[in-house]
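*Asks:*
Residue numbers (this note's numbering): 7 to 777.
(1) In this structure, does DSSP put residue 422 in helix, strand or coil?
(2) Tell me, please, whether the stretch 364 to 373 touches the stretch 442 to 462 by the rule of three or more beta-carbon pairs shorter than 8 Å.
(3) So the candidates are 410, 393 and 408; which of them puts its Cα closest to the Cα of residue 454?
(4) Excluding the 5 residues preceding and the 5 following residue 181 in the sequence, name in chain order all residues of the same chain whose CB lies nearer than 8 Å to its CB.
(5) Could you check where the beta strand (DSSP E) with residue 467 kicks off and where it finishes?
(6) Residue 125 and residue 136 - do their beta-carbons sit closer together than 9 Å?
(7) Would a C-beta distance cut-off of 9 Å place residue 31 and residue 72 closer than the cut-off?
(8) Who are the near neighbours of residue 660 in its chain, counting only those whose CB is closer than 7 Å to its CB and skipping five residues on each side?
(9) Check this for me: beta carbons of residue 3 and residue 703, under 9 Å apart or not?
(10) Using the Cβ count rule (16 or more neighbours within 10 Å means buried), how would you classify residue 344?
(11) Tell me whether residue 393 sits in a helix, a strand or coil according to DSSP, three-state version.
(12) Rounding to the nearest angstrom, what Cα-Cα distance links residue 102 and residue 227 in this structure?
(13) For residue 695, is the classification buried or exposed, using 16 other Cβ atoms within 10 angstroms of its Cβ as the cut-off for buried?
(14) Hey, quick one: how far does the alpha helix (DSSP H) through residue 697 stretch, first residue to last?
(15) Do you know offhand how far residue 762's Cα is from residue 561's?
(16) Relative to the C-alpha of residue 533, which residue among 542, 527, 590 and 526 is closest?
(17) CA-CA distance, residue 85 and residue 48?
(18) Which value, in whole angstroms, describes the spacing of the CA atoms of residue 724 and residue 691?
(19) Take residue 374 as the anchor and find which of 402, 34 and 475 has the nearest alpha-carbon.
(20) Using a Cβ-Cβ cutoff of less than 8 Å, which residues in the same chain neighbour residue 744 once the five nearest sequence positions on both sides are dropped?
(21) Do residue 400 and residue 378 come within 9 Å of each other at the CB atom, strictly closer than that value?
(22) Under three-state DSSP, which class holds residue 610?
(23) To the nearest angstrom, how far is it from the Cα of residue 398 to the Cα of residue 239?
(24) Which residues mark the beginning and the end of the alpha helix (DSSP H) in which residue 332 is found?
(25) Please determine if the stretch 575 to 589 and the stretch 615 to 624 are in contact, where contact requires at least 3 C-beta pairs separated by less than 8 Å.
(26) Where residue 477 and residue 396 are concerned, what is the direct C-alpha to C-alpha distance, given to the nearest angstrom?
(27) Going by DSSP, which residues form a beta bridge with residue 549?
(28) Consult DSSP for residue 321 and reduce its assignment to one of helix, strand or coil.
(29) If residue 75 and residue 34 are in contact, beta carbons under 8 Å, what's the gap, nearest whole angstrom?
(30) Look at the Cβ atom of residue 779, then the Cβ atom of residue 118, and state whether they are nearer than 9 Å.
(31) Would you call the CB atoms of residue 141 and residue 191 closer than 9 Å?
(32) Kindly provide the ranges of any beta strand (DSSP E) runs that are 3 or more residues long and lie completely inside the stretch 430 to 504, ordered along the chain.
(33) State the Cα-Cα distance for the pair residue 376 and residue 353, rounded to the nearest angstrom.
(34) Are the CB atoms of residue 448 and residue 497 nearer to each other than 9 Å?
(35) Could you tell me the alpha carbon to alpha carbon distance between residue 409 and residue 549, rounded to whole angstroms?
(36) Residue 268 bridges to which residues according to DSSP?
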C-alpha cells in the first residue's frame, strides 16, 4: 500500500481526506456572503471605499471557490491516484489561501487602519465564525489548516500589537497561540478519522477474508445462534443442502436442514433423529462429536459439532464418499487376495479362528492345503501372466465349493486353503476332498495356452477343542509334503508318523547346519580317466557327510536339504577350497573338477570365491574345472554367461555337467564359452543292447567334438560299455564305478601315475579300431 510523502498515510486514506475538502460546497457561498455583508455594513457605516472593494473581493473569491468545488463533482468526484489528489489539493489550497488572506486583510484594516468599533466587532465576528469551520471542514489538508490559522489569526494579532497599547498588545499576543490550537484540533480530528478509516478498512478486509475463507472451504459450515437457528452459513453448506445461496440457510434449524434429506428420500427418519440427537448433544455438552451418515444415493457425509463462543455452536459437514470408498477398498485389499478375490492368509486365519471359537467345541473340523504341481515351470516357460491366469482358474473352481461351513483362501503363490467347519467323520472329509479334486481336474485355456490343472493336497481332521488354526495348518502341510513325495496329483490325510518324520527331518537340518559350520564334512574324489592313456587325468570333487549317530548320509538326501535351507553355497565353497588345496599336492597332469550349484551363479561373489581358492592353494587356474549345471543356465542365461566369461578370464576351465537331462538345449554349446561336455549316464544305460542308443550317443559326441569341446561320458560301470566307447564313440574321458569308488585325496595322489589293469586288454581293440 502506497503512502503520501507529507503525512506518511496510506494513499487511499489520503485520497479520502482530499475528497472531503470538496464536500458541502454551498457552505462556501454562505460563508462568503456573510463576509461580504459585514464588509458592506462597515462601508455603509464609515463610508470607506476599501470596505466596498473588500466586500466584492470576498464574495467573488467565495463564488470562485464554490464553482471550483462544483467542477470537481461534475467531473465525477473521482480521484484516481495520489498525483491526482495532490493536484486537487493544490487547487483547493490556492483558492482557500486567497480567501483567507482577504479575510485577514479585512480584520487588519478594521482593527488597525480604521479604528472603528463596529468594524472591529464585525471583523472579529466573521473571523471567529470562520475559524469554527476551519477544523471541521479542512482537517483533510494540514497545509490548508495552517494557512487559514495564520491568515485568520495573524492579521488580528498584528493589528492589536501595532496599536502599541499594553492591553491591546497583551491581547494580540494571547491570540497567537490560537493558531496552534486550531492546527492541533485539526490534527486530532484527522487522526481520529484516520484511525476510524483504517479500522473500517481492516474490518472490511477481515470480513472479506472471512467470507472468502468461509465460502472456499471444502467443508460445509453453519453457525447456530442461541436459539438453535443458523446465523452463518457458507456456500459449500448451501451446495450440500441443495440450496441456491448461503442466505437461504439463515434462520433454519438443524432439524429443518436434516429433514431436507428425509424429504428427498436420501435419509431415513430414524437416521435423521439419530444424527440430530448426536449433534444437539455435542453442542449442549461442549464436546466435539463426529457422526458419519450414509445416504441412499451412495454418498457419505461426516457431520462434526462443537460448542462455540457467545452461545454460538458450529457444525461442519463434508462429503467423505471418496474417503469411505477408499477405506473400504483398503479393508478389502487387507483381507482379500488381489488376483483371485479369495480371503488372504491373515483374513482366513481370522475367519477360521472365529468359526472354531463358536459353536459346539466337540465337533470335528477339517483343513486342507492345496498346492499346484510344477507351477514354477509354468512361470519359467510361459511367463508370470500365464501363471496368474492359471491360479485364477483354479481359484474359480475352488470358490465354487465355498459356502455354508466351507471357507476357501489363497494363502499365497500357488497355495490354497480349505476349511471345513463341521465334519461328521473321516469318510465324510474323504468324500468332500475327492469331489473337490474331481472338480479341479481338467484343462483350462489361459491366453491361448491349454494347461492341465494338476495339484497335490494335504488334509487334517481334528476335534475343535483339541487344536487351533496354526496347528492344523502345520499338520496339513506335512500331509501335503507326503503327497508330493509319493508322486503328486493326489492328496493325503495327516498321520502321526508324518509328524515324527518331519521332526526327524528338522533335526537332520540342524545337524547338517552344525556340520557345515564346524567343517564336519569331507571331500572325496571320483577318478576321470583318459581314454588314450587309461590313467587318471582329472577327478570330480564330491562332498560326503558322516553323521555321528546315523553314519554316512547319502548326498541325495543332504544336498536337497542344504538347498532347501539355503546353505548349499557354503558347502560349494568348502568343497572348492578343499579340492584346490589337495589338487595343488598332486602331479601337474592331474586336475580337479568342482560342481557349483545354481544358487552360486546367482551372485557375483562366485568369481571372488574361485579367485580366493586359487590364491590360497597356489593351484594353477588351468588345473581347476568348474562344472555348471543346466539348472544354473535356466535361471538367468545372460547373468550366468557373464559369470562364466569372467571365470574363463581367470584361466579356469568350464564344463557343462549332466548334458542331455532336463531342458538341454544345443544353443548352450556355441553360445557359452565351454571347454568340456559331460554326457549324462542315461545315454549309456542300454548302449550295449540298443543300436539306436549307441547312434544317439555317437551323434552327441561327434557334434560336441566338431565344436572343439572335450567330451566326458559318465556312468561307465561295465567293461563292455568301456569297449564300445573305445570302439565306436571315442570320447576323450570316461568316468564311472568301473574305475572304483571315490578315493581320498591321498588315494588320487597314489593312483595318478598308475595305468588301469585292463588297459592292456583294451589296447588291441584300440589298434584294430585305428586300422
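Even glycine gets a Cβ: it sits at the ideal position worked out from N, Cα and C.
On a predicted model such as this, the values are computed, not experimentally measured, just so you know.
*Replies:* Taking the definition as stated:
(1) strand
(2) no
(3) 393
(4) 159, 162, 163 and 166
(5) 461 to 469
(6) no
(7) yes
(8) 632, 634, 650, 653, 654, 679, 680 and 681
(9) As displayed, the chain neither begins before 7 nor continues past 777, which places residue 3 out of reach and without an answer.
(10) exposed
(11) helix
(12) 56 Å
(13) exposed
(14) 697 to 712
(15) 28 Å
(16) 542
(17) 42 Å
(18) 10 Å
(19) 475
(20) 722, 723, 724, 725, 727 and 728
(21) yes
(22) coil
(23) 53 Å
(24) 327 to 341
(25) yes
(26) 29 Å
(27) 529
(28) strand
(29) 7 Å
(30) Only positions 7 to 777 of the chain appear in this structure, which leaves residue 779 out of reach.
(31) yes
(32) 448 to 452, 455 to 459, 461 to 469 and 497 to 499
(33) 18 Å
(34) no
(35) 53 Å
(36) Answer by DSSP bridge pairing: none, since residue 268 is not bridged.
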